[in-house]
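Colleague:
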Amino acid sequence: MYIGFKLENEGSPMHFQPDGALDDSLPGVAAEAVVWNALRQALGSDPGYLLHQFSIYNHQGHVTAKPDILLIHFELGFWVFECKGCNLYNIEAIDGSQWRMREWHRETETPLGQADNQMFQIKNWLQQNPETRPLQARVAWQYRLALPRIRRQEWQERFGDPPFLGALLFADDLEHPEQLRQTLYAAKKANGAPLNATEWEVILKTLGIKLGDPGDDPISYSYDPQAVIRRVQEQIFKLDEDQRKIATQYPEGPQRLRGLAGTGKTVVLTRRAAKIHADHPDWDIAVVFYTRSLYHQIREQISKVCQSKFDLEPDWKKIQVMHAWGSQNQTGFYRLLANECGLTPKSLERAKAELRDKNDYTTEPFDYVCEKLEKEAKEIPQLFDVILIDEGQDLPPAFYRLAYRALRDPKRLYWAYDEAQGIGSLTVPGIAELFGRDETGKPKVQLGGRATVLPHCYRTPKIILMAAHAINMGLLRGDQPLQGVTQKGQWENLGYEVVEGDFRKPGSTITLTRKACHPIDQEDFEPKVDPQSLLIWRTFPSEEEEQNWIAQQIERDLKQWSFQPEDLLVTGVDSFKKSRPYWESLKAKLKQRGIRALIAGEDAGQDIFRLPGHVTLAGIFRAKGNEAWKVYVCQFQNATEPGLSVEEQLRRRNQAFVALTRTKIWCVVTGISPQDHLAPAFQELQQAKEQYPYLRFPAFNKGSLRRIHEIDPDSEGV
Numbered sequence: 029m030y031i032g033f034k035l036e037n038e039g040s041p042m043h044f045q046p047d048g049a050l051d052d053s054l055p056g057v058a059a060e061a062v063v064w065n066a067l068r069q070a071l072g073s074d075p076g077y078l079l080h081q082f083s084i085y086n087h088q089g090h091v092t093a094k095p096d097i098l099l100i101h102f103e104l105g106f107w108v109f110e111c112k113g114c115n116l117y118n119i120e121a122i123d124g125s126q127w128r129m130r131e132w133h134r135e136t137e138t139p140l141g142q143a144d145n146q147m148f149q150i151k152n153w154l155q156q157n158p159e160t161r162p163l164q165a166r167v168a169w170q171y172r173l174a175l176p177r178i179r180r181q182e183w184q185e186r187f188g189d190p191p192f193l194g195a196l197l198f199a200d201d202l203e204h205p206e207q208l209r210q211t212l213y214a215a216k217k218a219n220g221a222p223l224n225a226t227e228w229e230v231i232l233k234t235l236g237i238k239l240g241d242p243g244d245d246p247i248s249y250s251y252d253p254q255a256v257i258r259r260v261q262e263q264i265f266k267l268d269e270d271q272r273k274i275a276t277q278y279p280e281g282p283q284r285l286r287g288l289a290g291t292g293k294t295v296v297l298t299r300r301a302a303k304i305h306a307d308h309p310d311w312d313i314a315v316v317f318y319t320r321s322l323y324h325q326i327r328e329q330i331s332k333v334c335q336s337k338f339d340l341e342p343d344w345k346k347i348q349v350m351h352a353w354g355s356q357n358q359t360g361f362y363r364l365l366a367n368e369c370g371l372t373p374k375s376l377e378r379a380k381a382e383l384r385d386k387n388d389y390t391t392e393p394f395d396y397v398c399e400k401l402e403k404e405a406k407e408i409p410q411l412f413d414v415i416l417i418d419e420g421q422d423l424p425p426a427f428y429r430l431a432y433r434a435l436r437d438p439k440r441l442y443w444a445y446d447e448a449q450g451i452g453s454l455t456v457p458g459i460a461e462l463f464g465r466d467e468t469g470k471p472k473v474q475l476g477g478r479a480t481v482l483p484h485c486y487r488t489p490k491i492i493l494m495a496a497h498a499i500n501m502g503l504l505r506g507d508q509p510l511q512g513v514t515q516k517g518q519w520e521n522l523g524y525e526v527v528e529g530d531f532r533k534p535g536s537t538i539t540l541t542r543k544a545c546h547p548i549d550q551e552d553f554e555p556k557v558d559p560q561s562l563l564i565w566r567t568f569p570s571e572e573e574e575q576n577w578i579a580q581q582i583e584r585d586l587k588q589w590s591f592q593p594e595d596l597l598v599t600g601v602d603s604f605k606k607s608r609p610y611w612e613s614l615k616a617k618l619k620q621r622g623i624r625a626l627i628a629g630e631d632a633g634q635d636i637f638r639l640p641g642h643v644t645l646a647g648i649f650r651a652k653g654n655e656a657w658k659v660y661v662c663q664f665q666n667a668t669e670p671g672l673s674v675e676e677q678l679r680r681r682n683q684a685f686v687a688l689t690r691t692k693i694w695c696v697v698t699g700i701s702p703q704d705h706l707a708p709a710f711q712e713l714q715q716a717k718e719q720y721p722y723l724r725f726p727a728f729n730k731g732s733l734r735r736i737h738e739i740d741p742d743s744e745g746v
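Position 585 of the sequence shown, counting from 1, maps to 613 under our numbering, and the rest follow consecutively.
(1) Measure the C-alpha to C-alpha separation of Ser743 and Phe649 and round it to an integer number of angstroms.
(2) Straight-line CA distance for Cys485 to Gly292?
(3) Shortest alpha-carbon distance to Lys606 belongs to which of Asn666, Tyr660, Lys619 and Asp558?
(4) Is Ile500 buried or exposed, if buried means 16 or more other CB atoms sit within 10 Å of its CB?
(5) Please list, in chain order, all residues of the same chain as Pro279 whose beta carbon is under 7 Å from its beta carbon, the five residues on each side excluded.
(6) Within 10 angstroms of the Cβ of Asn729, are there 16 or more other Cβ atoms? Answer buried if so, exposed if not.
(7) Starting from Ile750, follow its DSSP beta bridges and name the residues at the other end.
(8) List the DSSP bridge partners of Pro471.
(9) Report the rounded CA-to-CA distance for Asp189 versus Glu182, giving the unit in angstroms.
(10) With Arg650 as the anchor, note down where its alpha helix (DSSP H) starts and where it stops.
(11) Does the region 117-133 come within contact of the region 204-213, defined as at least 3 CB pairs closer than 8 Å?
(12) Is the region 642-656 in contact with the region 591-605, if contact means three or more CB pairs nearer than 8 Å?
(13) Check each candidate in Leu401, His642 and Lys470 and name the one with the smallest Cα separation from Asn367.
(14) For Asn157, collect the residues of the same chain with a Cβ closer than 7 Å to its Cβ; drop the 5 residues on either side in sequence, then sort them by chain order.
(15) Got a sec? Which residues, its chain only, sit under 7 Å from Gly641 by beta carbon, not counting five neighbours each side?
(16) Once DSSP output is grouped into helix, strand and coil, what is the label at Leu35?
(17) Between which two residues does the alpha helix (DSSP H) containing Gln156 stretch?
(18) Who does Thr644 pair with in a DSSP beta bridge?
(19) To which residues of the same chain is Thr211 closer than 7 Å at the C-beta, ignoring the five residues directly before and after it?
(20) Is it right to say Phe361 is buried, meaning 16 or more other beta carbons lie within 10 angstroms of its own, or is it exposed?
(21) For Asp413, which residues from the same chain have a beta carbon less than 6 Å from its beta carbon, with the 5 sequence-adjacent residues on both sides left out?
(22) Among His305, Phe317 and Cys369, which has the Cα closest to the Cα of Leu340?
(23) Rounded to whole angstroms, what's the CA-CA distance from Arg378 to Phe553? Just pull it up for me.
(24) Note down, one range per segment and in chain order, each beta strand (DSSP E) of at least 3 residues found wholly within the region 308-347.
(25) Examine the Cβ distances between the region 682-689 and the region 715-729 and report whether three or more of them are shorter than 8 Å.
(26) Tell me whether Trp132 sits in a helix, a strand or coil according to DSSP, three-state version.
(27) On the criterion of 16 or more Cβ atoms from any shown chain inside 10 Å, does Arg172 qualify as buried, or is it exposed?
(28) Taking a contact to mean a Cβ-Cβ separation below 9 Å, would you say Glu419 touches Tyr318 in this structure?
(29) Do Ala174 and Leu197 come within 9 Å of each other at the CB atom, strictly closer than that value?
(30) According to DSSP, simplified to helix, strand and coil, what is Ile304?
(31) From Glu712 to Lys403, what does the alpha carbon distance come to, in whole angstroms?
(32) Considering only the alpha carbon of each residue, which of Leu482, Thr514, Trp519 and Ile459 lies closest to Lys533?
(33) Below 9 Å between beta carbons: does that hold for Pro555 and Arg259?
(34) Would Asn357 be called buried (16 or more neighbouring beta carbons within 10 Å of its own) or exposed?
(35) Rounded to the nearest angstrom, how far is the Cβ of Ala747 from that of Ala143, given a contact under 8 Å?
(36) With distances taken from CA atoms, which of Asp123, Gly124, Glu103 and Ala58 is nearest Ile97?
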C-alpha cells in the first residue's frame, strides 16, 4: 500500500518520484530532465504517477525494464517516454527501426524499439499476475520517443514524414505545457471501462510503487542553491512595518506577543531589548529564554543591533541574557532569584530526585522548582526594570508570577510564545491561569489591549509551514483533527486565508491558503524555485539505511551543492535520551565520509549549538529555537507512532511541527516505513504536499478536539 488517493477527485494532483524537478545540468540526465520538467508542468494537476528511472523486476529480482520516464495516468493510461539527447547531426541515417549514429556513444540506436520493449515488459509483468491480468487489458498503453534537442521542422526537412512520426516528441512539443497536454489528450485511447481507485491500487501495488522509497536517487536542484541562499539572505531579516513598530515600542505594563515559528518574535524581542538599553542605559534588563543553545544567538543579535543602530557596546551587567533555569556554571533567572531570596537553588537532578521521593511522575521539574520558590520565598526582590521572555510556551505559570513580582513598576514584562509549539506541555495558559484572578473573578494582571499577534512567517517557506500545521493538528489523518482552531478569525491570526468553507457546519470542506511572506514565495523572487523541491521525503526499511542515505546526501550537499557544514541541521522526532545510539551512529557514518558533526549539548558546552566546519545533529529540544538553511528531519514515523496516549500523540505532533519549521529554505524528511504500507506520518505529509498551495479538510468544532489552540477573551486583553 502507498499514498492514498481518490480517483473521483479530478483535482487530485500528480505524484512525482523524485519529488522535485530534475537538474538538466547533470550528465546523462539532461534530455530526461527537459522531458520530465515539461510533463510536470503539463500534467501536474492530473491524478496519477510520474516516475523517473523506475525499475521493473522479474521474479528472480532482475531488472527487466527501466524506462527513462514512466507516466501512469488514471485517465490516459500508461505512457513510456524514451529520451534521446542527440541533435540532428548525430543521426546519420535511419534504416527501418535502426538509427545509424555519428559522434555518439553508440554506433547504432533502436530508440523506438527500446520504448516498445520497455512498455512490453511492464505489460508482461502485470499479465503474469492473476489480479492484474484482466486490468491491464482495460488500460491504454502508449510510448513516445522524445527528442528535446531537435525541432520538428528541421526533422521534416531532413527525414520527411516517416510512418513513426506520430511517436516522436520534439523540442517544439515540450516548450509549451498546455500544447503538450493537448497533444497527449488527443492521443487518448479507450480500452474498455475505466479503472476505479481500488483497481488502480492493485496495479500500483503489483508494480511496487511507493513514493518516498529512495533507492539510490539523490536530491537534485534545477537551480543553484547558493544563489537562492544569497537572495533570501538579502531579504529574510527585514522586518515588516508591524514588526518594526513592535520592536521599537515598549509599553508601560505587561505585553504578550504570539505567533508562529519564524514570525520574528526573537528578532522583535532582541531589537526591543537593544532599543531599551540604548534609551535607558541605567535600567536593569533581563532577556530570558528556555532553550540553552539560544544563549549565543540572542547575545549576538542584541550586540549587533546595539552596534549598528545605536553605536554602542552593550553593558552585559545591565542587560543580562539568561537561561530560565541556569546552572552552576552559568547564571539563570531562577537561580539568580533563589539566591537573592536567600534560598538554595535546586538543580535538575535534585528536582527529579525530590519528585521521585514524592512519587510524582507527572510534574515537570522546572514547574516544581518555580512553584517551590514561590511558596518558600518570604519576599521576592524587585531586581529588574524590564524582563523580556522568549519561548514563553515552555515556561510554567509560576515562572511568570515570579518574573512579574521581580519587576519594578510599571511591570514591563514582555513575553512571546510560539503558536502550537509547546513541546513540553499541552496547553498555552491564559492570563488568568498565569497570574490568577481577584475576588471579583477578573484576571489580576490585565493586558489592556497590549496583546499582539505576529501572523507573517518569514523564516519557513509556506509549503513547509502548511505541511507542518497539517501534521501538527492532524488535519489529514483520516479522522477528526486532534488539535487546532475552529474560527475563521483564529486561522487568519495564524496567517491563513479561508478560501471556502464554514466552520459552523462540521464535516463541510474547508479550504485554506497562506499569504506569501517568505522571500522565496514571492512572485518576483529570482531564481525561480519549484516549491515542491523545498520539501522532500524518503522512507527506508531500517534505521541504518536511513542514516546511510542522510550521510550520502549531506556529503553531496557539501561537495556538489557548496553548502557549508554550518548551513545544515539534522534533527528528529523522538526523545534524545532514547535516540542517543541513533545520533552516535549517524555521526560515525558522517565521519566515514570525512564530515565532522557536532551532537548539540553532548560534544561541546550546553550552550553550543554550532561549531565552524561541523554539521549540527540535535534532538528536538536542542533544535527548538534554532534554524538552518537546510534541515533533515529523521525518525519522522514517530510523529504518528501507533498505540500512544492522546497526550503523547499531541507531543509528538508538536515535535514534528517544531522540527519541520527549523528550516529557512529546504526540508528533507526521512523515516522508517514498512514495505507493504506507508507510515501514517508520511501519508499525511504527502497529502499536504499534493494539496499545496491549499489545505483541505472537513470542518470540525471544539467538542471533537483533544486540545484547543484558541485564546480566551481574557488572554486577548479585551
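Idealized CB from N, CA, C, for every residue including glycine.
Modeller: Straight from the coordinates:
(1) Here Ser743 scores only 48 on pLDDT, less than 50, and its place in the model should not be relied on; the value that follows carries that caveat. CA-to-CA, the gap between Ser743 and Phe649 works out to about 27 Å.
(2) Their backbone Cα atoms lie some 7 Å apart in a straight line.
(3) Residue Asn666 holds the alpha-carbon nearest to the alpha-carbon of Lys606 among Asn666, Tyr660, Lys619 and Asp558.
(4) The sequence given here places Asn at residue 500; Ile does not occur at that position. Around the beta carbon of Asn500, 16 or more other beta carbons lie within 10 angstroms, which makes this residue buried.
(5) Cβ neighbours of Pro279 beyond the five flanking positions: Arg478.
(6) With fewer than 16 other Cβ atoms within 10 Å, it is exposed.
(7) Residue 750 lies beyond the residue range present for the chain, which begins at 29 and ends at 746; the question has no answer from this structure.
(8) As DSSP reads the structure, Pro471 sits in a beta bridge with Arg465.
(9) A direct Cα-to-Cα measurement between Asp189 and Glu182 gives close to 11 Å.
(10) Residues Ile648 to Ala651.
(11) Not touching, per the Cβ criterion.
(12) With a cut-off of 8 Å, the region 591-605 and the region 642-656 count as touching, because enough Cβ pairs lie within range.
(13) That would be Leu401, whose Cα lies nearest to the Cα of Asn367.
(14) Once the five neighbours on either side are set aside, the close Cβ partners of Asn157 are Thr234.
(15) Non-local C-beta neighbours of Gly641 in its own chain, meaning closer than 7 Å and more than five positions away in sequence, comprise Pro593 and Arg624, ordered along the chain.
(16) Low per-residue confidence applies at Leu35: pLDDT is 39, beneath 50, and the placement is therefore not dependable, though the value from the model is reported in the following sentence. Reduced to three states, the DSSP call for Leu35 is coil.
(17) Counted as a single uninterrupted DSSP element, the alpha helix (DSSP H) harbouring Gln156 occupies residues Pro139 to Gln156.
(18) Checking the DSSP bridge columns, you'll see Thr644 partnered with Leu597 and Leu626.
(19) Within its own chain, the residues whose Cβ lies closer than 7 Å to the Cβ of Thr211, once the five positions on either side in sequence are excluded, are Asp201, listed in chain order.
(20) Residue environment for Phe361: buried (at least 16 other C-beta atoms within 10 angstroms of its C-beta).
(21) Spatial neighbours of Asp413 in its own chain (CB-CB distance under 6 Å, excluding positions within 5 residues in sequence) are listed in chain order as Trp311, Asp312 and Arg436.
(22) That would be His305, whose Cα lies nearest to the Cα of Leu340.
(23) Their Cα atoms are separated by approximately 53 Å.
(24) Counting only runs of 3 or more, we get 313-317.
(25) No: fewer than three Cβ pairs fall under 8 Å.
(26) Correct three-state label for Trp132: coil.
(27) Answer is buried; the Cβ neighbour count reaches 16.
(28) It is a contact, given that the beta carbons lie within the stated cut-off.
(29) Contact flag set, yes.
(30) Here DSSP, grouped into helix, strand and coil, assigns Ile304 to helix.
(31) One Cα belongs to Glu712, the other to Lys403, and the distance between them is close to 46 Å.
(32) Ranking Leu482, Thr514, Trp519 and Ile459 by CA distance to the CA of Lys533 puts Thr514 first.
(33) For Pro555 and Arg259, yes; Cβs fall inside 9 Å.
(34) A residue is called buried when at least 16 other Cβ atoms come within 10 angstroms of its Cβ; Asn357 does not meet this threshold and is exposed.
(35) Since the first and last residues shown for the chain are 29 and 746, residue 747 lies out of range.
(36) Per the Cα distances, Ala58.
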